[in-house]
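First to last, the sequence lines map onto chains A, B, C and D. Residues in the first sequence are numbered consecutively from 1, following the numbering used here. Residues in the second sequence are numbered consecutively from 1001, following the numbering used here. Residues in the third sequence are numbered consecutively from 2001, following the numbering used here. Residues in the fourth sequence are numbered consecutively from 3001, following the numbering used here. Below is one structure, written out as structure tokens; comments come after it.
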Amino acid sequence: MGEASAVTMAAPPWQRWRSLAEAGLPFAALIVMLAVIIDIRPAVFSYFGFTLLFKLTTPLILAALGQMLIIMLGDIDLSNGSFVGLVTCITALFLTDNPGLAVAAYVALVLAYAAFGLLIHLRALPSIVVTLGMSFIWLGAAVMLLPAPGGLAPGWLSGFMDWRPPLLPLPIWAAIVVALAGHLVITRSSYGTILRGTGDNPRATARAGWSVVAIRVAVYAAAGGLGVLAGLTLTGLTTSGDANIAPAYTLIGVSAVILGGGSFTGGIVSPVGTVAGALVLSLAGSLLSFLQVSPTWQVGAQGGILFLILAGRVLLREVPQ
Amino acid sequence: MSTVRIGPLLPPWSYGFIVAFALWIVTISATGPSRAGGTLVATVAFAAFSVLVGTGQMLVIASGPGNIDLSIPSVMTLAAYLAMSAMHESDGLVFLGLAVALGVGVVAGALNYAAIALLRLPPIIATLAWSFVFQSFAIDFGGEATLKPPPVLAASTTFRAAGIPILPGAVVVLTLIVMVVLRRTVFGRSLLAAGQSERAAYLAGVEVGWVRLWAYALCGGLGALAGYLLAGFTGGAALNMGDIYLMESIAVVVLGGTSVAGGDANAIGIWGAALFFNLLGIMLNTFRFQAGVRLFLTGVLIIAIVALVPHARARA
Amino acid sequence: DGIATGDTSRIRIAFSNSYAGNSFRQVMIRDFQDAAAQAVKEGKIKGYTVVSSNASVTEQASQMQNLILQGYNAIIILAGSDTALNGAVKDACDAGIVVVAFASGVTEPCAYRVDYDLDTYGQAEMNYFASRFGTKPTNLLEIRGLAGDGFDKRLHAGVEKALAEYPNFKIVGQVYGEWTSTVAQKEVAGILPSLPTIGGVLTQGGDGYGAAMAFEAAGRKLPIIIMGNRQDELALWKKERAAEGYETISLGATPSVSQAAFWVAQQILAGKKVPKFVQVPLLQIHQDDLDAWLAKVPDGGVADADFSQALTVAIIDANADHKPIPGIPAPK
Amino acid sequence: MDLVPPGDEGAPPPPPGVYLAVRGAAKSYGAVQALRGVDFAVAPGEIVGVVGHNGAGKSTLMNILAGTVQRSRGDFTIAGKAVGEWSPHEAQRHGLRCVFQELSLCGNLTLAENTRVIHRSLRGPGWRRRAGTLIRQQLDMIFPGHGLSVETRAIELPIGARQMAEVARAFTETDAPVRCIILDEPTSALGHKAASQLLAYVKGLPERGIACILITHRLDEILLVCERATVMVDGKVVAERPVARLSRPTLVGLMGAIEAPHLPASAAAQVAGRPPVVDLPGRDSLDLAIHAAPGEIIGFAGLDGHGQRERLRALYAYSRHRHRQGRGPAVAYVAGDRGAEGVFGLWSIAENLTIRSIRTLRRIGLISREAECDLAREWVARLEVKAPSIDTPMLSLSGGNQQKVLFARALASDAEIILLDDPMRGVDVNTKQEVYKLIRREAEAGRCFVWYTTEVEELTNCGRLYVFREGRARTELLGAEIEPARILETSFGGRDG
Ligand SMILES: Nc1ncnc2c1ncn2[C@@H]1O[C@H](COP(=O)(O)OP(=O)(O)OP(=O)(O)O)[C@@H](O)[C@H]1O
Ligand SMILES: Nc1ncnc2c1ncn2[C@@H]1O[C@H](COP(=O)(O)OP(=O)(O)OP(=O)(O)O)[C@@H](O)[C@H]1O
Ligand SMILES: [Mg+2]
Ligand SMILES: [Mg+2]
């Protein structure tokens, strides 16, 4: 035996189990909540029921994944929600009559995100304030474009969001596909490895010859891209644009990433976990409504659910060393 | 290890004051010099509240990377509600009300830290979850009405001596005290040490847990104090009275020169940033920009300031 | 005409509320609960529920979906957005649910709407100023709601329309008070030093007291502030009236509009023919009613008046017959 | 002495068959001249040792070679071609690899994934498996019996194992063959066995035509494996010699220091009889209780990672707790992992030095600035910390001087028990000598030291040793028993395990 191995090199089996259990936590929470809901209202357990229950999760999942990319770099994005709002405004205003303009606007937005990423990197700025500033910029731009809710999503877009694919409802398919794609790109692929590595130790990847600037810019651009997709799907669902529609996505997205096993220290994120986390959080709201919690305690109960689920994560982690 | 030091001629915290001054000049150049004093007084009066909550937030942020308190608005509201109900608009009970508010704030802060330390939740999540709970408590304690302050409290928060509002003066004194505490007390040093490196602080004999607990408790206490005074200043405790302070408390701290990486606190800078924030709103209103443009310019200015202010960076 | 008496004893009505974070909304929820609980007791409905989303439109949309799943027969909704809930509202209508949107401009045509005529809001404010200032050139300050919000936009549009009729009035300052006293006070205090003498302040409710505090703090004479039915505003008005004969009006929505929406939904399910748009009256308080109202309004609360089933039906009928809608009587 | 003056006209041209060469390389960080014109060359298959005091510029030179730092001046040729802008990627394409002084693995990635980080060609289907095989084989080759799983995330590994993985990773080959490898203090984090395995492997490199640059403060390693040694002082190369003509004293002499003769450890007998200040029971019957009396220097020996540090931490927690309850003397801890556990990077020397003592520096409730400065000045002087003033930022000190400040922090405090956690890692010979003296002096004054170190030589400073194996203190060595061979034997289990 090597000298070091005495203390143990290979992770012991319980550690593997623990990390598996930890990864499974959002799924367990999801299943428990679903079970409670179905128990209260068996009719939910149907194609139609699941369609309605999960309908609004698609944009949330996309936004949360965008947030996840930023958290992967050790940053945080406080502008995510208002960005989605801006995209809904652009979509509802232009996509129907002037698709070229709309697409150009999306590209410009993604570039803007990338540019802010570049600024954060070059000046080593705290992302929390820069993205706070960005949130004002997006919201301001959205209000300038659409001073009050309105506009109309193109028919094909709302049509697509109403589409009833075989076997499973659209939002569930979307969740599966997005989670899988995220898993392949971020967790499995060789380039995802570089991204995660950079989040943990940018110096190490830089020393291995990767351009950390390029990585940050690309990741911010990708986060912007996911924000655009979130805005598009949201417009499809609501059929209109509204500057103030999604500020809540910011903090829900952050919570979803953490719930899904992510960490603010950077480099540790799970796309599958994030998707599950987003589903759990949106289901938490539903659960409260099914449980008919009194209006006074509806907000507080949401805090309670957050504690419950995340505390489970901690209990698993607290296995003695 | 390396430090990047851009030879700044001015300390980082001074930029808020400079920009605030510039905004003030721009504003009064549009409205005429006779308005200068009035604008300043109005700004300072509201900046005082931002400084109170910002100072609490600063203690938390300085206590280590990732530490942040999102429950400030709901603590403000809850404390104000409980204090106002305790006082029943009776002048004799103002100190009781103050004690109630501070007690609520300190307990709330302690609960925040308990969730962070015992459940190992990231502070952003722990304080968010608590803020939901506090909000429900506030609703439960009479959310259907605005609770009035005793006349003495209302009068003292708006009291002026020789035209100068007294409350901001008191907050300036508080800022000075906090500066001394940070530099010259065991708590202050311990806080900054814990904020720079938790492990190094532990091994250097710092009681990291206690120090963080106190940081959160003080943050809760200051938030509660702000809520109590704001209720006096604006004529009552209302459910949504604290909402604007969620992001503002963070922004004034960071724009004031405190590092989000922890271990570095700047109390005086909060004043500069708070003045900047309030004057910005005033200037944009004065020039009657559209709402969208106002928001847009606010964002641009925030980013411009953080991007331009030189800041010390220490990276291991 | 008259109260429809179809059997509704088995129906359940839900209230989807976009935001519960201020006292106005808290009273609104309580009013709904009171009316619904009473209706349950009288066997008029079987059950009810309230869900509030935390100022998040997407959360409200998903709560709408949940209410559909829970099989409610009717949903009354105070929408967080005029258009963003259209998808969810449509889903509910498609599921055969009666949707009554109130105090919000939901544009989905399948929903019934119970709302104020916000044009009359601005009109009433301007008319009152005209009655006070005549054709004298007067500076006004406008306190608006939340930037990007539909209610704010519609109310402001009413103000603009009315303003066109009175060329002597000039809006010299405009701030966003977010219907919150603290915010209004802060914003007004900030802009005030830059403003000339202000004759009147246009408000949207929830912001009048803050504005008054700001004027007071700046050491300025109190202009004519259109009050918003809050007790603190009325009390201030009364105090100023006693001191120097201050005169104004108070105008605003009543939290009990949730009851009107409730009864509209119940009546639709009971078989009554209801127009797609039911205009409900704003609550106006004049100098003469001030004391009566003030005696009735709880401390720190907001002026409110029950919409009974009978009153609601009367309002529906007036709407259907294009007659003037009955106002809310002042308390004795 | 064959000094090579920088920029000297007569500097010999790089001999034929040079793999890489720099001439007149200079680097400055603001006012600090880290390199002041260095000539340095490596032939294919040559093993060159580089030594020098802390802050001499060794790592800076290597960073320039590896492309992670751009030189301010100087010529650079690689494989006969002149190089302008140089980048880590270019360096790797030319077969130049570097194991940096600070660990450069991504903690969240597995060893296999970390291997991917340095190989652009490890992509496409099956890359994970290929990367795993690559690193596993290399680990087997350098550190037989390492017991590492390539699916473990780096963060889960102790520092020694991480260093092993990083070294092995540097030797893995995909498209570009390895031509030259830079090892910057690779053994400072390795245990004895792994270190000797590595040195043995390095010795075999010339046969395969791979050159190696080895930086280490353990001069014996240079003498053992290198063909040539380069000595750096203050950003300049002061000597270059074939190792055959070198001995340890000459090497130390070239660095401008004299190695003090080894003093016998203070006898345990002297302190026997005094009541112990440390008395920590063992975890079970196999585990010895740790006890120590004032004036003693106790050593924690054993192979790297066998529970010494954990016990030291437990000792700290335990003593701290007892002191807080008023049942024991104060305790201080000197961390070896300066960056993560010692230094407060935003603070000055004075603040760093006094943080452990602020309670006693209070006058009417507030920390007295005057008392603080006095204390800091006194200890900066006593330990000869080289700094312009006590208000100098801590991070602008060289590593050795930072370590002195950390020592001063403990010594200036009221602590009677001082725990040393491998505090000499990466410290140059000169500084070490000073610190050894200091420890003895303080022990004589009645303080008690508990000293964990991975360097066996160092343990001879102790009066008594606990040898750790498999997480437990298994053997106690006293007085004359304390000599390297005996320590190693007991570490491996000897006969009594
Ligand atoms: N990161 C840095 N930023 C600014 N100045 C630095 C930095 N690192 C070192 N210096 C300065 O450069 C000078 C040279 O440092 P160097 O490490 O060569 O000192 P030294 O005398 O060799 O130290 P030691 O006795 O520990 O070997 C010092 O005066 C130090 O203050
Ligand atoms: N990024 C930097 N910024 C400023 N000064 C630096 C930087 N990196 C190194 N230095 C300074 O350059 C000088 C040479 O440092 P270098 O790391 O090359 O020394 P070294 O010989 O490797 O020392 P050690 O044996 O302690 O590793 C030191 O004075 C150091 O403080
Ligand atoms: Mg040195
Ligand atoms: Mg070095």
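No residue lacks a Cβ here, since even glycine has one placed at the ideal position from N, Cα and C.
For residue i, three-class secondary structure by DSSP
| i | result |
| --- | --- |
| Lys-2170/C | strand |
| Val-3117/D | helix |
| Tyr-2176/C | strand |
| Ile-3390/D | coil |
| Ala-3267/D | Reliability fails at Ala-3267/D, whose pLDDT of 47 lies under 50, so the model's placement of it is uncertain and the value that follows must be treated cautiously. In this structure, Ala-3267/D counts as coil in the three-state DSSP scheme. |
| Cys-3448/D | strand |
| Pro-1326/B | Lying outside 1001 to 1316, the shown extent of chain B, residue 1326/B is not represented and no answer is given. |
| Ile-2011/C | coil |
| Arg-324/A | The requested residue 324/A is not part of the displayed model; chain A covers only 1 to 321. |
| Tyr-1015/B | helix |
| Thr-3110/D | strand |
| Tyr-191/A | helix |
| Gly-1299/B | helix |
Alpha helix (DSSP H) segment containing residue i, residue limits
| i | result |
| --- | --- |
| Glu-3370/D | 3369-3382 |
| Glu-1198/B | 1198-1203 |
| Gly-1220/B | 1208-1233 |
| Asn-80/A | 80-90 |
| Gln-3308/D | 3308-3324 |
| Ile-3418/D | No alpha helix (DSSP H) holds Ile-3418/D; the beta strand (DSSP E) holding it covers 3417-3421. |
| Leu-234/A | 212-238 |
| Ile-3159/D | 3159-3171 |
| Ala-2162/C | 2150-2165 |
| Thr-2049/C | That residue, Thr-2049/C, is in no alpha helix (DSSP H); its beta strand (DSSP E) goes 2047-2052. |
| Glu-3102/D | Element bounds for Glu-3102/D: n/a, residue is neither H nor E. |
| Gly-3302/D | Unbroken run through Gly-3302/D is the beta strand (DSSP E), 3297-3302; no alpha helix (DSSP H). |
Where the beta strand (DSSP E) through residue i begins and ends
| i | result |
| --- | --- |
| Asp-3075/D | 3073-3078 |
| Ile-2143/C | 2138-2144 |
| Val-2115/C | Rather than Val, the amino acid found at residue 2115/C in this sequence is Asp. It spans 2112-2115 - the beta strand (DSSP E) in which Asp-2115/C sits, taken as one unbroken run. |
| Thr-3230/D | 3228-3233 |
| Tyr-3333/D | 3331-3334 |
Residue-chain proximity (residue i, chain G), Cβ-Cβ < 8 Å
| i | result |
| --- | --- |
| Trp-1271/B | The structure shown contains no chain G; its protein chains are A, B, C and D. |
Cβ contact (3+ pairs, closer than 8 Å) linking the stretch 3427-3441 of chain D and the stretch 3348-3355 of chain D: no
Just checking, does the stretch 2310-2326 of chain C make contact with the stretch 2257-2276 of chain C on the three C-beta pairs under 8 Å criterion? yes
Say whether the stretch 1083-1097 of chain B touches the stretch 1128-1137 of chain B, bearing in mind that this needs 3 or more beta-carbon pairs closer than 8 Å, one atom from each stretch. no
Is it a yes or a no for the stretch 3315-3334 of chain D touching the stretch 1178-1197 of chain B, going by three-plus beta-carbon pairs under 8 Å? no
What are the uninterrupted segments assigned as alpha helix (DSSP H) that are 4 or more residues long and contained completely in the stretch 2236-2263 of chain C, given in chain order? none
Would you say the stretch 2019-2027 of chain C touches the stretch 244-259 of chain A, given that touching needs at least three Cβ pairs under 8 Å? no
Do the stretch 3148-3160 of chain D and the stretch 3199-3214 of chain D touch if we need at least three Cβ pairs shorter than 8 Å? no
In chain order, which continuous runs of the beta strand (DSSP E) of length 3 or greater are located wholly inside the stretch 3015-3100 of chain D? 3020-3029, 3032-3042, 3047-3052, 3073-3078 and 3096-3099
3-residue-minimum beta strand (DSSP E) runs that sit fully inside the stretch 3170-3220 of chain D, ordered along the chain: 3180-3184 and 3211-3215
Flag this pair as touching only if the stretch 1251-1259 of chain B and the stretch 98-105 of chain A have three or more C-beta atom pairs under 8 Å; answer yes or no. no
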